[in-house]
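What follows is a short report on a single structure.
4 protein chains.
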Amino acid sequence: MIDVHAQLPRFGRLSLRRVGVTGIKKPLAVQRADRVITLTASFAVAVDLPSDRKGSDLSRNAELLAELVDATATRPVASLESACSEIAGELLRRHPYAKVAEVSASAEYFLARGISEDRRSYEDYLLLAEARAVRNGEGIELFRAIGAEAVGMTACPCAMSTCRERLEKEFPLLADPSLKDLPIITHNQRNRTRLVFDLPPRVEIEADAILDAIEEGQSSPTFAILKRGDEATVVLNAHRNPKFVEDVLRSLLSGVVRRFPQLPPEVNIRASTVSEESIHKYDVMAANELTLGDLRRQVAA
Amino acid sequence: MIDVHAQLPRFGRLSLRRVGVTGIKKPLAVQRADRVITLTASFAVAVDLPSDRKGSDLSRNAELLAELVDATATRPVASLESACSEIAGELLRRHPYAKVAEVSASAEYFLARGISEDRRSYEDYLLLAEARAVRNGEGIELFRAIGAEAVGMTACPCAMSTCRERLEKEFPLLADPSLKDLPIITHNQRNRTRLVFDLPPRVEIEADAILDAIEEGQSSPTFAILKRGDEATVVLNAHRNPKFVEDVLRSLLSGVVRRFPQLPPEVNIRASTVSEESIHKYDVMAANELTLGDLRRQVAA
Amino acid sequence: MIDVHAQLPRFGRLSLRRVGVTGIKKPLAVQRADRVITLTASFAVAVDLPSDRKGSDLSRNAELLAELVDATATRPVASLESACSEIAGELLRRHPYAKVAEVSASAEYFLARGISEDRRSYEDYLLLAEARAVRNGEGIELFRAIGAEAVGMTACPCAMSTCRERLEKEFPLLADPSLKDLPIITHNQRNRTRLVFDLPPRVEIEADAILDAIEEGQSSPTFAILKRGDEATVVLNAHRNPKFVEDVLRSLLSGVVRRFPQLPPEVNIRASTVSEESIHKYDVMAANELTLGDLRRQVAA
Amino acid sequence: MIDVHAQLPRFGRLSLRRVGVTGIKKPLAVQRADRVITLTASFAVAVDLPSDRKGSDLSRNAELLAELVDATATRPVASLESACSEIAGELLRRHPYAKVAEVSASAEYFLARGISEDRRSYEDYLLLAEARAVRNGEGIELFRAIGAEAVGMTACPCAMSTCRERLEKEFPLLADPSLKDLPIITHNQRNRTRLVFDLPPRVEIEADAILDAIEEGQSSPTFAILKRGDEATVVLNAHRNPKFVEDVLRSLLSGVVRRFPQLPPEVNIRASTVSEESIHKYDVMAANELTLGDLRRQVAA
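Protein sequence lines, in the order shown, are assigned to chains L, S, E and X. Reminder that position 217 of the first sequence reads as 1534 in this note's numbering, one-by-one numbering, no gaps. Reminder that position 78 of the second sequence reads as 1395 in this note's numbering, one-by-one numbering, no gaps. Reminder that position 74 of the third sequence reads as 1391 in this note's numbering, one-by-one numbering, no gaps. Reminder that position 214 of the fourth sequence reads as 1531 in this note's numbering, one-by-one numbering, no gaps.
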C-alpha cells in the first residue's frame, strides 16, 4: 500500500504545531489507596508535523490509547496524569518525525463526602490532567499538569451590606448591638472553581488535596444529602463566609500557599472561578495564573 | 435521473412516523407593533412516510424553509408560530404522500426590561413554537403551540424557616414581634421556567404576555443592570416571596387563569420549571400538563 | 422544626404531575457475566404531588439514591434498568402521598469491539433506562424501559445513484458490465441511532443485544482502531450498504423482529436515528414508535 | 452606602489578572454595505484587579454593554470587532484601577450562498471577535482580533488510495488508463474550520473574506439547498479535492498568503480545523499559529 501520509504535502510545505485526535472516550482504571476506581475519561492527543510530511499517522494515536488505557482494566495506573504522561512519551516514540506531543484528559470523579458522617454520599467533581513530551537530543522531557474542578456556593458580600442598610431603616431593632453578627440576606449561587498545577519532574500532588483547597475557597461546599436542619447549616456557613469571585480566588490561592509548603517555587498555578449569579442571567468570573514563587511573595508582602 | 426516494423500500415495508431535518438555522424577520426584529431561529421539520416509499424528499424541506423564512427579510412574518404554521401547511403540499407534518422552532428573544425605567436594557429569553398539519380529506387541519422560557430567581421557603429557628436560638432578640417580618437568609438560585400553550384554530397569544406570566411566577425576575441599591431590591423581593419549584408552577398556573380569561377551555397548557440549587450540585424540577378548563376547575375548587 | 413541605399550598391548590431532582451523577457498579463494571450514571427522579401539599420531600430522593446507588460499590446491581426499577419502587414507599414515581438514567458504556480480533478496543456507547412505579391499591405496578444508542456510519444511496449517472457520462468505460457492482462515491457521515424497549413485567433484554441490532441497521459500524487496510474495509462495507435514515430505521426494526422472537407482542418500541450530513450543515432524522405486535404484522405483510 | 468593592481584600492581597462577566447576550445591529443585520451576540468582558481592592465594579460592565450594544438598535456599528474595541476602551475608562481590559464576542452569522444562483439561501456561520485595551501612560493601546468559523466537508485521500488498490484487484478494468481520474470512494465528513487574525491598529479585514478563505481550504463547501443533481456536484468536488485536516490547514494558510497581500507581516494568525470522522466515533484536528511574515517565508521557501 502507498503510504499517503509520508508523501510530500500538496497544499504548501508548512509545518503544523498540532495534529491529532480529540474526544476519545475510554474507561481508565486507577489505583487509589484502598481500592481501584474506574473513570470514564475523555482524551485529546496531538503531535507536531514537519513541513515535508503530508499527514500524521493518526491511527497510531488510537492504537496506543487502546494499548495503554484499555490495559488498565487489568493493571490500574496511579493517576489520570500519570496515564497522560505515559501516553505523551509513547506518542513521541511512535511518531518519529514529531518533536512535541501533547495529551489532555478529563473525567468525572466521585468522593464520599457529607455535612456529617452519617450523611456521606458520592459527590461529583471533575479531574483534569495534561502532559507534554518534548524531544531533547536523544531523550524526552516530560511536563505534566494536574487539576480539578468543584461546584460549591457563594454568597455576595456587597448585596449583604446594602440589604443590611435597607433593612435597618425598616427594622430599627436590627441595629441593636446583639444583632451585629446576625447573618443578613443576600444573593447566593452555584460557583464552579478550577485549579490546575503545572508540575516539574518528580513533583506530585493528590487530586483530593486540590479539591479540598477549592472547597475551602468557596463560601461553602455543597452536598447531595441535606436533611432539613442541614440545609440551614450550609446556608448559615455560606452567609457567614460571603465571597465575591475575587474573594474565592484569593482564598483559594492563599490556601495553596498554606496547604502545599513542600512544592517548589517553579510550580505554575492556573486558577479560575465562575459564579452563576442568581440575580442576573449571566455569570461572573475571575482568573489568575502565576508561579508558586510569585504567589508566596505576594502573600508574604 | 432515477428517483431513488420513490422506489420501494429495500429493508422492510414499514411506515415511519417522522422523517425530516433538524438544526436548520435561519434569520427570521418578525413584525412587532413598533418595529421589525430579526430572530436567529433554529427549525426542525418532519413528515410521515408511507410503507411503500423508500425515502422522503428531504431537499424539499430545505427549499421551502429557504423560500418562506429567507423571504421574511423583505416581508416580515407576524410571529415565530405563524411561520411554523405556514411551513407545516406547505410541507404537506410538497410531500403529497404524507399525512402529517410537524415543525418546531426556537429562538433567543430580547425584551427591554429593567428594575426601573432608567435601568432598562435588553434581557434575553427563549421563544418556542410548534405547528402540526394533518391531512383531513381534501383539507388540512393545523395545530399550533406557542411558548417561552425565562430565567429568574427563587428563594427557598423551607431553609428560610429552619434558618429562622436556628437564628432565634442564637439571637433571642430576633423573636421580637417587630422583627416578625424581617426577611431571613435562605438559599436562592437561578430558576428556568417554561410555559407552552397548545392553541385551537384562530386563538392567539402574545409571547410577551407569556413571559410576563412566567416572571410573575418566580420569586423575582432578574436583570442585567443592577446598581448597588438595586441588588438589594431584587434580593429583598425574592426573600419576601420565597418559592419552591412547586410554588413557582402553581403561581404561574394560577396566573394563567387570571391573565388569559379570553382563552377557550380546550387550550392545553404545558409548564415546567427548574431551579439550579445553590446548596446542591444537582437541579430540582416540577412539571405539569393540563387543559385550561381543568386548570380553571382546580383553581375554582 | 416546622414541616414546610407538608403545609397547604399558598399559590393555588393544584396537583402537579411531576416534582423531583435531575442531573444527580453517581458511580453505579453493574455485574456483567464475567466482571463488575462501573458506570458514571446520571439520574432524574420525580413523583407526583397532591393538591393539598405545598412541597415534595426532595431530600428523600437524594437520600435513597445514595443508599441504593452508592451501595452498589459493594453489591453490584444486575443492570442500569434494574437499578431504576428499585429506585422507582422505593420512591413510592418514601413519598406516601405520591401515586406515581418516575426514574430515568443514562450512562456511557464501553464494549470491546474491533474490525478484527487483533484490533479490538473499547468503543463508547450510551445506555438508557427508565422506570415508572404506579400505586395500585395496596401494591405497586412497575414499568421499565431499556435502551441504547450507538454511533455508526451511513452512505447515501441517492447521491450514489446520481454520481454514477454523472460519472458514466465522463467515463464511458464505467458502464462496462464488469463494473456494474463497483462501489461509487457518495456522501457518507456519522449516524447516531437509538432504540428503546418498553418492557412488561419479568421480560428482560440485554443492552449488548440492543447495540448489535442498532449497528446492523447502519451502513457500517465504526471503530477506534483502523489501520490503513481496515479503513478501506469499513468504507467498502458502507458503500456496499448505502442507507438513508429511513433505511436505517427500517433495517433496525426488521432486525428487531428477527433478533427478539421471544419478546411478547405488547412490548413497545421507540426508535430514532440522526445522520449528521456531510454535504449539509444540518442533520436528517427518522423516528418511529409502535408495539412489537404491530411491527411483526407490518413486516409479515 | 458602603463601597464594599473598594475595601481592602480580606482573603489575601493578591492582584488578579481577570475579573468580569461572561455569557451576556445582546442583539447587535451591524451596518453592512447594503443593509443593517442584527446579530444575536454573546459577550465576555473582564479587567484586571489590583492587590489592594476587594472587588471589581462589575455592574459597570453590564451597564456599558447596555449603553454601547443596545444603542446599535438605532445607530448600527461597523462590525462585531469594532463593537468589541469600543467596549474594551470604555472598560478601562470606567475601571480606573484597571490596566488591561479584555472583550470577546461570538455570533451566528448568515450569508446568502448556493451551489448556483437559483439555489441561494442563508447558510449559517460563526463570527468571532476579541479586543484588548492596555493602559499606556496617559493613553490606551488597543489590540483587536477578528475571526470566523465555517462548516464544510472533507474527503480522506488515504482511504481513497487504499480503496483504489482494493477495488483494482476486484475490478481489473478499473486499472484502465481511461479510468485513471475516476473519483474513488473514501470516507467523507463534516469539517469545522476556524481562522482568527490578530490585527495591528488601523488594519481591517472583512469577515466574508475570512469565510471565503476557509471554504476554499475544505474539500468542498456545503449547502442547505441541494436538488438531486447538485448533491452529485458537491460529492464529486469533494472527491476530486480529497484532504486530510493537515491539508485543510495548509490550503487555508497558503490561501491567506495569496488572498491578503495588503496585510502587514506582524499580523498573527490562528487557524484550527476539526473533521468529525465518519469512520470513527472521535474527531481529528489540526492547529497552527504563526505571524503572517513567518507564513509568507514558509510558503516562499
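Every residue, glycine too, gets a C-beta built ideally from N, C-alpha and C.
To the nearest whole angstrom, what separates the beta carbons of residue 1519 (chain X) and residue 1464 (chain X), a pair I think is in contact under 8 Å?
-> Rounded, the Cβ-Cβ distance is 19 Å, inconsistent with contact.
**Prompt:** Ordered along the chain, which non-local residues of its own chain (more than five positions away) have a Cβ less than 8 Å from that of residue 1572 (chain X)?
**Reply:** Excluding the 5 residues flanking it on each side, residue 1572 (chain X) has same chain C-beta neighbours closer than 8 Å at 1530, 1533 and 1534, in chain order.
Quiz item: What separation, rounded to the nearest whole angstrom, lies between the Cα atoms of residue 1363 (chain E) and residue 1582 (chain E)?
Solution: Roughly 29 Å between the two C-alpha positions.
*asked:* Between residue 1339 (chain X) and chain E, is any beta-carbon pair separated by less than 8 Å?
replied: Interface criterion not met: the Cβ of residue 1339 (chain X) is under 8 Å from no Cβ in chain E.
*asked:* Extract the residue ranges of the alpha helix (DSSP H) inside the region 1397-1451 of chain L, only unbroken runs of 4 or more that lie entirely within it.
replied: As far as the region 1397-1451 of chain L is concerned, its whole alpha helix (DSSP H) runs of at least 4 residues are 1397-1411.
Q) Would DSSP call residue 1505 (chain S) helix, strand or coil? A) In the structure shown, residue 1505 (chain S) sits in a strand (DSSP, three-state: E or B).
- Buried or exposed: residue 1497 (chain E), going by 16 or more other Cβ atoms within 10 Å of its Cβ? Classification for residue 1497 (chain E): exposed.
Measuring straight from C-alpha to C-alpha, what distance separates residue 1355 (chain S) and residue 1337 (chain S)? Distance between the alpha carbons of residue 1355 (chain S) and residue 1337 (chain S) is about 25 Å.
> Quick one: Cα of residue 1468 (chain X) to Cα of residue 1599 (chain E), how far?
Replying inline: Rounded to the nearest whole angstrom, the CA to CA distance from residue 1468 (chain X) to residue 1599 (chain E) is 10 Å.
- For residue 1536 (chain L), does the three-state DSSP call read helix, strand or coil? DSSP, reduced to helix, strand and coil, places residue 1536 (chain L) outside both helices and strands of the structure shown, so it counts as coil.
Taking only beta-carbon positions, decide if residue 1492 (chain E) is within less than 8 Å of chain X. For residue 1492 (chain E), the answer is no, since every Cβ of chain X falls outside 8 Å of its Cβ.
>> Is there a C-beta anywhere in chain E that falls below 8 Å from the one on residue 1324 (chain X)?
In response: Cβ-Cβ to chain E under 8 Å: no for residue 1324 (chain X).
- Message: So residue 1542 (chain L) contacts chain E; which residues on that side make the cut at Cβ distance below 8 Å?
- Response: For residue 1542 (chain L), the chain E residues whose C-beta falls within less than 8 Å of its own C-beta are 1376, 1379, 1380 and 1383, listed in chain order.
Exercise. Secondary structure at residue 1598 (chain E), three-state DSSP: helix, strand or coil?
Worked result: If DSSP states are grouped into helix, strand and coil, residue 1598 (chain E) belongs with coil.
Strictly under 8 Å for the Cβ-Cβ distance: is residue 1348 (chain S) near chain L by that measure? It does not; no Cβ of chain L falls within 8 Å.
> Using 8 Å as the limit for Cβ to Cβ distance, is residue 1609 (chain S) near chain E?
Replying inline: Cβ-Cβ to chain E under 8 Å: no for residue 1609 (chain S).
Query raised in the report: Can you list, in chain order, the residues of its chain whose CB lies under 6 Å from that of residue 1509 (chain X), leaving out five sequence neighbours each side?
Result: Setting aside the 5 residues that flank it on each side, residue 1509 (chain X) is surrounded in the same chain by 1468 and 1591, each with a C-beta closer than 6 Å to its C-beta; the list follows chain order.
Could you tell me whether the region 1433-1447 of chain X touches the region 1406-1414 of chain X, using the rule of 3 or more Cβ pairs below 8 Å?
Taking 8 Å as the limit for Cβ pairs, the verdict is that the region 1406-1414 of chain X does not touch the region 1433-1447 of chain X.
Contacting residues, own chain, Cβ-Cβ under 6 Å from residue 1460 (chain L) (five flanking each side not counted): Correct list, in chain order: 1449.
Indicate whether residue 1596 (chain E) and residue 1470 (chain X) have their beta-carbon atoms separated by less than 8 Å. Inclusion of residue 1596 (chain E) and residue 1470 (chain X) in the CB contact set at 8 Å is warranted, their separation being smaller than that value.
* Beta-carbon of residue 1561 (chain L) versus every beta-carbon of chain E: anything under 8 Å? -> Not closer than 8 Å to any Cβ of chain E, the Cβ of residue 1561 (chain L) fails to qualify, so no.
Reduced DSSP category for residue 1558 (chain X) - H, G, I as helix; E, B as strand; rest coil
In the structure shown, the three-state DSSP call for residue 1558 (chain X) is coil.
Which residue wins for smallest C-alpha separation from residue 1345 (chain S), given the options S:1371, S:1523 and S:1404?
When only C-alpha atoms are compared, the closest one is S:1404.
| Going by Cα to Cα distance, which pick from X:1610, X:1444, X:1489 and X:1369 is closest to residue 1570 (chain X)? | Residue 1570 (chain X) has its Cα closest to that of X:1610, out of X:1610, X:1444, X:1489 and X:1369.
- prompt: Which value, in whole angstroms, describes the spacing of the CA atoms of residue 1473 (chain X) and residue 1330 (chain S)?
  reply: Just so you know, the alpha carbons of residue 1473 (chain X) and residue 1330 (chain S) end up roughly 35 Å apart.
Exercise. Checking contacts by CB at 8 Å: is residue 1548 (chain L) closer than that to chain S?
Worked result: The beta carbon of residue 1548 (chain L) falls within 8 Å of a beta carbon belonging to chain S, placing the residue at that interface.
Residues in the same chain with beta-carbon distance under 6 Å from residue 1438 (chain S), minus the five sequence neighbours each way, listed in chain order, please.
The answer, listed in chain order, is 1541 and 1542.
Practice prompt. Report the partner residues of residue 1515 (chain S) according to the DSSP bridge assignment.
Written response: Residue 1515 (chain S) pairs with S:1462 and S:1585.
- prompt: Counting only beta-carbon atoms, is residue 1343 (chain S) nearer than 8 Å to chain L?
  reply: It does not: the Cβ of residue 1343 (chain S) has no partner Cβ on chain L nearer than 8 Å.
Compute the Euclidean distance between the alpha carbons of residue 1505 (chain X) and residue 1402 (chain S), then round it to the nearest angstrom. If I take the Cα positions, the gap works out to 36 Å.
**Study point:** Min CB distance residue 1604 (chain S) to chain E below 8 Å
**Key:** Chain E has a Cβ within less than 8 Å of the Cβ of residue 1604 (chain S).
Checklist entry - So, does the CB of residue 1595 (chain X) fall closer than 8 Å to a CB anywhere in chain L? => result Interface residue (Cβ-Cβ distance to chain L less than 8 Å): residue 1595 (chain X) is not classified as such.
* Between residue 1594 (chain E) and residue 1394 (chain E), what straight-line distance do the alpha-carbon atoms span, to the nearest angstrom? -> Computed Cα separation, rounded: 39 Å.
message: Using a Cβ-Cβ distance cut-off of 8 Å, determine whether residue 1318 (chain E) contacts chain L.
response: Chain L contact via Cβ: present.
**Asked** What residue ranges within the region 1327-1372 of chain L form continuous beta strand (DSSP E) runs of no fewer than 3 residues, ordered along the chain?
**Response** Inside the region 1327-1372 of chain L, DSSP marks whole beta strand (DSSP E) runs of 3 or more residues at positions 1333-1348 and 1353-1366, from first to last along the chain.
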